[in-house]
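Protein chains in written order, with this note's numbering: chain A, 232 to 640; chain B, 232 to 640. All C-beta atoms, glycine included, are put in the ideal place defined by N, C-alpha and C. Written out below as structure tokens is the structure these notes cover.
Protein chains: 2
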Amino acid sequence: MAKISDRGINMPLSPIRKLSPLAAKAKKEGKFVHQLNIGQPDIPTPEWAINDLKSTDFKVVEYSPSEGELSLREAFVEYYKKYDIEVTTDEMIITYGASEALMIVLLSCLNPWDEVIVPEPFYANYSSFAGAADITVKPISSSIESNFALPSIDEFEKLIGPRTKAILICSPNNPTGYTYSKDELEKLKKICLKYDLFLISDEVYREFYYHGEFAPSILGLKGVEDKTIMLDSASKRYSMCGVRVGAIVSKNKEVIQTALKFGQARLSPPQFGQVAVESALKASDTYYREVKEEYKKRKDVLIEELSKIEGVKYSHPYGAFYTVVELPIDDDEKFCSWILTDFDFEGETVMFAPGSGFYVTPGAGKREIRIAYVVEEEKLRRAMKCLREALKVYPGRISEQLPENATSI
Amino acid sequence: MAKISDRGINMPLSPIRKLSPLAAKAKKEGKFVHQLNIGQPDIPTPEWAINDLKSTDFKVVEYSPSEGELSLREAFVEYYKKYDIEVTTDEMIITYGASEALMIVLLSCLNPWDEVIVPEPFYANYSSFAGAADITVKPISSSIESNFALPSIDEFEKLIGPRTKAILICSPNNPTGYTYSKDELEKLKKICLKYDLFLISDEVYREFYYHGEFAPSILGLKGVEDKTIMLDSASKRYSMCGVRVGAIVSKNKEVIQTALKFGQARLSPPQFGQVAVESALKASDTYYREVKEEYKKRKDVLIEELSKIEGVKYSHPYGAFYTVVELPIDDDEKFCSWILTDFDFEGETVMFAPGSGFYVTPGAGKREIRIAYVVEEEKLRRAMKCLREALKVYPGRISEQLPENATSI
């Protein structure tokens with residue numbers, strides 16, 4: 232039988248989605264499953280965007296330009312101005328979400344077996360895209376004790392070798408919620424200048440920042456414009472995960488021109504989604520404020536509830552809608568399976584993403600889970616109650632004394 | 232300055248799109264440009280599909296399953312039955328058009344520097360995807376003299392080596408219009424069985440077949456189900472190029488499961504497009520017949536007009552809506568640029584795709600162009616008149632005597 236490829240064999244199953252069959256079974260058995268495993272917001276997609284799509288007169292749904300509709304890129308340019316990001320329509324390419332944006336950037340900037348440094352834990356699919364592009368991920372540890380802040384420059388320098396071509400960050404971060412300060416971004420800039428590295432930043436959670444107006448962007452860094460590449464997406468911002476519209480933004484013309492060649496090969500981004508996102512980008516300040524307040528409230532509720540659970544260690548998320556939590560358990564995957572299959576609290580249970588899926592360092596994250604706080608307050612409190620009760624009876628609970636209940640930073 | 236990748240540098244600019252700036256300039260100067268360079272049909276997208284999308288109640292536009300919505304896959308299963316293709320919903324994955332389908336299949340089945348054999352000329356973007364996946368394309372010549380029929384088995388066997396993992400075909404063919412017969416597919420089957428190769432077939436033009444009811448599929452081949460992988464797309468069939476919905480279909484479970492891992496990494500296909508395509512797939516027989524009759528008429532008009540032009544060699548397309556034509560010219564790219572910049576006939580001119588972009592063999596296709604007959608009869612006749620007049624005055628016309636005016640096969 233014709234064999235599939237090694238890269239196909241090595242490609243990981245999504246840690247975020249692989250428990251899905253167990254959750255389906257639990258639901259079939261009548262349990263209510265709180266889905267905190269995936270960054271699928273419950274907030275309604277802006278009605279005006281859906282309505283604008285519906286009132287558009289489509290005669291022939293044609294290919295759009297490979298770089299995306301000009302009117303959509305113009306809408307992005309206007310939108311970015313609010314975040315002190317000054318770019319032009321020819322400094323961006325519209326993609327199928329931030330996922331394709333990253334894949335195209337990796338292909339455009341790195342050769343097979345080149346290396347990209349990524350602070351760990353990181354969004355699991357980064358490994359998948361690197362694997363698909365035959366690129367090596369070099370993880371650099373960030374830890375729950377320091378709130379997952381930027382590792383020290385020394386730690387970066389230890390990892391940089393002749394094949395290192397880029398540093399990839401996500402800020403506000405999925406899965407930790409940490410958000411890099413301007414100072415931290417300046418430190419990254421210095422490393423990238425010193426070693427001539429690309430700095431790639433996934434900034435799809437820009438507005439979901441709870442310690443200020445919005446999260447700083449790498450595109451605000453001066454003197455490193457030829458190295459900074461920002462990845463963006465409408466998915467989370469407008470609760471539009473299914474539209475599949477994102478962007479690559481960079482002032483490096485060579486990067487954009489190269490990315491466009493990959494963009495031309497796949498012809499064009501989706502037309503319907505582009506229309507809806509162009510409209511969504513015109514959201515009022517009130518819209519952004521209300522959404523942010525909702526997530527901030529949920530974050531506070533989550534932390535409050537976590538603080539009531541004995542033996543749990545957590546950090547303080549500054550942004551996005553995720554956090555990584557350390558539990559008194561033997562194994563993350565076992566626990567996340569067990570809570571679906573062998574546990575319920577008053578007919579309810581919770582689906583989490585196992586922590587180890589966000590690490591490539593062997594053995595790391597085995598006592599961690601990622602929680603996505605994408606459900607409303609009452610449900611979140613119920614879900615945390617489930618977690619508390621589950622930890623009381625989980626057979627793999629470890630007895631060793633953990634440090635403090637909570638690290639408050 | 233941080234350098235882009237070699238694969239980025241080597242990625243070709245789309246031969247179909249790279250003359251766009253010249254066409255834009257011609258239009259700005261007041262010329263009417265007949266766009267026969269790109270497979271963008273002018274036929275209206277089915278109204279019922281647009282209406283079904285518009286009447287759908289979207290509250291939260293969520294991620295769909297990575298493999299695509301079940302109801303869409305069910306609609307595909309029903310649709311395929313009409314073409315004697317018996318598959319189930321778990322033998323397919325919904326993709327961003329046939330483009331992503333091919334990229335995922337190449338990544339799933341071939342390792343870097345493995346080889347895929349492709350009859351030449353072939354759809355230019357196959358090279359791009361192979362390049363992005365670091366796969367080597369081994370071209371096998373098909374020629375205008377034999378109507379671009381399947382090369383002989385001997386020719387295939389000469390190319391097969393230890394790194395050969397697959398044969399990739401497109402039938403009905405872009406750019407030649409040739410369509411493989413069941414006998415030819417049986418021959419390919421024998422080669423794939425003998426050398427244990429995947430047989431990948433791009434069948435997006437299934438209905439546009441002018442020598443019978445519909446083009447035969449590789450999924451009809453018996454005893455080779457573990458090797459056949461079909462790529463599909465709604466783009467051309469329903470004049471929906473911008474929706475970006477296609478599929479990978481195979482009875483090889485390992486291929487589908489591996490493809491799904493790549494699918495999970497990019498999360499999900501576009502939701503709006505899936506709704507529209509699910510509806511479009513329920514098209515009546517009348518719809519398909521009328522569209523096919525329209526393209527058949529255009530094909531006949533095109534051939535009639537080409538037969539009036541001295542020194543032009545053409546083949547008889549059996550399907551799709553393209554044909555490759557040999558002209559008495561020195562250089563395809565020069566001619567295709569010149570006709571946009573330095574020529575007009577009564578204020579009109581034509582945009583073609585240069586032939587050499589459909590070849591990887593150096594020097595091949597230099598006297599050829601691809602014509603996409605995606606405009607209505609009158610415009611097609613005007614465009615061919617432009618071509619005839621252009622050839623009379625083109626400074627790079629070659630004087631050597633070509634064989635017959637037309638090869639009729």
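From the listed residues B:Glu525, B:Ile375, B:Tyr441 and B:Lys513, the smallest Cα separation to Ala595 (chain B) is found for B:Ile375. Gln488 (chain B) carries a helical assignment under DSSP once its states are collapsed to helix, strand and coil. Collapsing the DSSP output to three states places Arg601 (chain A) in a strand. In this structure, the beta-carbon distance from Tyr604 (chain A) to Lys530 (chain A) falls below 8 Å. Contact between the region 365-381 of chain A and the region 243-255 of chain A is absent, with fewer than three C-beta pairs closer than 8 Å. Around Gln502 (chain B), the beta-carbon contacts reaching into chain A at under 7 Å are Gly473 and Val474.
Taking a cut-off of 8 Å for Cβ pairs, the region 377-395 of chain A and the region 270-286 of chain A do not touch, as fewer than three such pairs fall below it.
Under the Cβ criterion of 8 Å, Gln271 (chain B) is counted among the residues facing chain A.
In terms of Cα proximity to Gly588 (chain A), the closest of A:Val581, A:Ile602, A:Glu579 and A:Glu577 is A:Ile602. DSSP places Ile335 (chain A) inside the alpha helix (DSSP H), whose first and last residues are Gly328 to Cys340. Inclusion of Ala584 (chain A) and Gly477 (chain A) in the CB contact set at 8 Å is not warranted, their separation being larger than that value. For Asp463 (chain B), no alpha helix (DSSP H) encloses it; the enclosing beta strand (DSSP E) starts and ends at Thr459 to Ser464.
Ranked by how close their Cα comes to the Cα of Tyr545 (chain B), the residues B:Thr287, B:Asp288, B:Ile281 and B:Pro406 have B:Pro406 in first place. The beta carbon of Ser432 (chain B) is closer than 6 Å to those of Ile400, Ile449 and Met461 in its chain, skipping five residues each way along the sequence. Looking at A:Tyr441, A:Glu386, A:Phe566 and A:Ile316, the one whose alpha-carbon comes closest to that of Arg628 (chain A) is A:Phe566.
For the set B:Leu618, B:Glu607, B:Lys623 and B:Ile560, the Cα lying nearest the Cα of Arg598 (chain B) is the one of B:Ile560.
Contact between Gly578 (chain B) and Gly261 (chain B) holds: their C-beta atoms lie close to 7 Å from each other, under 8 Å.
In this structure, Val368 (chain B) and Met582 (chain B) do not form a Cβ contact; the two beta carbons are roughly 26 Å apart against a cut-off of 8 Å. Restricting attention to B:Glu608, B:Glu298, B:Thr592 and B:Val506, the CA atom closest to the CA of Val532 (chain B) is found in B:Glu608.
Around the beta carbon of Asn483 (chain A), a 10 Å sphere encloses 16 or more other beta carbons of the protein chains shown; the residue is thus reported as buried.
Residue contact with chain B for Leu244 (chain A): present (Cβ-Cβ distance below 8 Å to some residue of chain B). At a cut-off of 4 residues, the continuous stretches assigned as alpha helix (DSSP H) that sit fully inside the region 507-592 of chain A are 516-537 and 563-572.
Taking the C-beta atoms as reference points, Ser295 (chain A) is found nearer than 8 Å to Gln502 (chain A). Linking Met615 (chain A) to Lys467 (chain B) through their CA atoms gives a straight-line distance of about 50 Å. For Glu388 (chain B), the enclosing alpha helix (DSSP H) starts and ends at Ile384 to Leu390. The same chain holds no residue with a CB closer than 7 Å to that of Asp427 (chain A) once the five nearest residues on each side in sequence are set aside. When 9 Å is used as the limit between beta carbons, Cys340 (chain B) is near these residues of chain A: Ala233, Lys234, Ile235, Ser236 and Gly239, in chain order. In the three-state reduction of the DSSP assignment, Tyr440 (chain A) falls in the strand class.
By the criterion of a C-beta distance shorter than 8 Å, Asp365 (chain B) is surrounded in its chain by Arg238, Pro343 and Trp344, once the five residues flanking it on both sides are discounted. Just so you know, the alpha carbons of Tyr411 (chain A) and Thr459 (chain A) end up roughly 15 Å apart. Beta-bridge analysis with DSSP links Cys401 (chain A) to A:Asp433.
Collapsing the DSSP output to three states places Pro252 (chain B) in a helix. In the DSSP assignment, Pro500 (chain B) is bridged to no other residue. Membership of Ser448 (chain A) in any alpha helix (DSSP H) is not indicated, and neither H nor E is assigned to it by DSSP.
Considering only A:Ser630, A:Glu535 and A:Ile479, the residue with the shortest C-alpha distance to Glu298 (chain A) is A:Ile479. Contacts between Ser546 (chain B) and chain A, judged by CB atoms closer than 9 Å, are missing: the closest CB pair is about 26 Å apart.
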